[in-house]
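**Student:** Under the UniProt record's numbering, the sequence shown has 16 at position 16, and the numbering climbs by one with no breaks.
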Amino acid sequence: MFGTVSSEREVKVPGSEAWKLYSTLELAKIVAEALPSLISKIDVVQGDGGAGTILELFFPPGGAGLTSYKEKFTVVDDEKRVKETEVVEGGFLDLGFTLYRVRFEVVEKAAAAEECITRATVEYEVREECIANAAFVSIQPLVSVMECAARYLTKTSS
């Protein structure tokens with residue numbers, strides 16, 4: 001079974017400013033500090049934030065039964081302002097998923113140079129015998145990340 005969920009958020013900063021945050025490891029640092037109930041710790045396993053970077057994300061007890069997983073940055077496209085990560089070890093893969101990809105996009109608002117839209121999308125594929133685990137897929141954690149990033153961006157740009 002293949003599925004996708006997404007959400008968008010308007011941010012009152014230029015897209016170039018938002019991308020400076022989303023395209024780097026700074027986003028992970030800010031999220032780990034600001035949202036300890038969502039992510040208890042993030043370790044950089046390898047890389048500097050570009051494609052090929054691997055992070056290990058640790059979750060506080062009581063979440064969706066996930067304790068940690070490793071994700072790899074598969075795309076960091078400065079021109080299109082798109083960043084994709086895929087779970088490469090643990091987490092959703094242990095629950096029968098064959099794909100769990102997160103995409104962040106920063107899109108300029110045509111009418112306002114001082115505003116942009118951030119979009120988060122989860123694409124997943126789960127084996128038929130594990131289809132009930134698709135219920136663990138939620139866009140809400142990424143909405144929290146986008147809200148955290150928006151607060152940080154509007155605070156630091158003013």
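For glycine and all other residues, C-beta sits at the position ideal for the given N, C-alpha and C.
1) So what's ASP94 in DSSP terms, helix, strand or just coil?
2) So, with DSSP's three-state summary, where would you put GLU79?
3) Is it the case that the Cβ atoms of VAL5 and ILE131 are separated by a distance below 8 angstroms?
4) Taking all protein chains shown into account, do 16 or more other C-beta atoms lie within 10 angstroms of the C-beta of PHE97, making it buried, or fewer, making it exposed?
5) So SER40 packs on PRO60, CB below 8 angstroms; how close in whole Å?
6) Beta-carbon within less than 6 angstroms of GLY91's beta-carbon, same chain only, minus the 5 sequence neighbours each way: which residues are those?
7) Can you check which of these residues, VAL44, VAL76, LYS29 and ILE42, is closest to GLY50 by C-alpha distance?
8) Spatial neighbours of VAL102 within its chain, please: C-beta separation below 6 angstroms, excluding the five flanking residues on both sides.
9) DSSP puts SER6 in a beta bridge; with which residues?
**Tutor:** A quick look at the data gives this:
1) DSSP, reduced to helix, strand and coil, places ASP94 within a helical segment of the structure shown.
2) GLU79 falls in the coil class under three-state DSSP.
3) At a Cβ-Cβ threshold of 8 angstroms, VAL5 and ILE131 do not count as neighbours.
4) For PHE97, the number of other beta carbons within 10 angstroms of its own is at least 16, and it is reported as buried.
5) In this structure, SER40 and PRO60 form a Cβ contact; the two beta carbons are roughly 5 angstroms apart against a cut-off of 8 angstroms.
6) For GLY91, the CB contacts under 6 angstroms within the same chain, skipping 5 residues up- and downstream, are LEU66 and TYR69 in chain order.
7) With distances taken between Cα atoms, GLY50 lies closest to VAL76.
8) Non-local C-beta neighbours of VAL102 in its own chain, meaning closer than 6 angstroms and more than five positions away in sequence, comprise THR85 and VAL122, ordered along the chain.
9) Beta-bridge partners of SER6 (DSSP): THR121.
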